[in-house]
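Per this note's numbering, the very first residue in the sequence shown carries number 825; after that it's consecutive.
No residue lacks a Cβ here, since even glycine has one placed at the ideal position from N, Cα and C.
Source: prediction; values computed, not measured.
The structure appears right after this line, and notes come after that.
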Amino acid sequence: MKTLERLAIVVREDAFDRVLTPLTFAFLEARQGTEVDVLFTLWSVRLLTADGLQSTRMSQDHAHQEAWLRERLERDGDPTDLRDFLAALKDTGKVRLYGCKYAAMTFDVGEDGLVEEADGIVDPGWFLREKALAADHCQYF
């Protein structure tokens, strides 16, 4: 079985149900020893702030199923709170979480407002050259 040494993930959505997949991919791969770099762009950059995490909601398509999804996540032992999910990612020691510089400017996200799990705000060109191109695989969500 082939393994990944480095994985880059770009996230642009901030809906609770739509961010679960990239965060799960990051977590599962990190637990396998993969170095994972995640760039939060557009709306998702707000997930790197306490206010953004608190205001996260389900996507409109599935809003009526939020209680059901959270119940299933809890049943399976998965985090139901995104802040807990970010902490679990950082606890692996393999995941770095970056905010896109331009999205941060658009949404007024400053370095001083980032949650402790975040690794900073970076230029997306730097992320593409230094992280995505160097990765074995790059995934976009």
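Query raised in the report: Between the region 882-898 and the region 920-930, are three or more C-beta pairs nearer than 8 Å?
Result: Contact fails: fewer than three Cβ-Cβ distances are below 8 Å.
Query raised in the report: How is Val919 classed by DSSP in three states: helix, strand or coil?
Result: Residue mapping note: residue 919 aligns to position 95 of the sequence shown, counting from 1. If DSSP states are grouped into helix, strand and coil, Val919 belongs with the strands.
**Report entry** Closest Cα partner of Thr916 within the set Thr858, Gly949 and Cys962
**Finding:** Residue mapping note: residue 916 aligns to position 92 of the sequence shown, counting from 1. Checking every option, the nearest Cα to that of Thr916 belongs to Thr858.
Query raised in the report: Excluding the five sequence neighbours on either side, which residues of its own chain have a C-beta within less than 8 Å of the C-beta of Pro903, listed in chain order?
Result: Here residue 903 is taken as the residue at index 79 of the sequence shown, counted from 1. Counting only Cβ-Cβ distances below 8 Å, and skipping sequence neighbours, we find Leu897, Phe909 and Ala912.
Report task. Report back the beta-carbon spacing between Leu906 and Leu957 to the nearest angstrom; my notes put them in contact at under 8 Å. Result -> Reading the sequence shown from its first residue, position 82 is the one you call residue 906. Reading the sequence shown from its first residue, position 133 is the one you call residue 957. Rounded, the Cβ-Cβ distance is 28 Å, inconsistent with contact.
Requested in this report: At 3 residues or longer, and completely inside the region 899-960: list those beta strand (DSSP E) runs for me, N to C.
Outcome: 919-924
Requested in this report: Could you tell me which of Asp960, Leu831, Leu866 and Trp867 sits nearest to Phe851, measuring between CA atoms?
Outcome: Along the sequence shown, one-based indexing puts residue 851 at 27. Across the set Asp960, Leu831, Leu866 and Trp867, the C-alpha of Leu831 shows the shortest separation from the C-alpha of Phe851.
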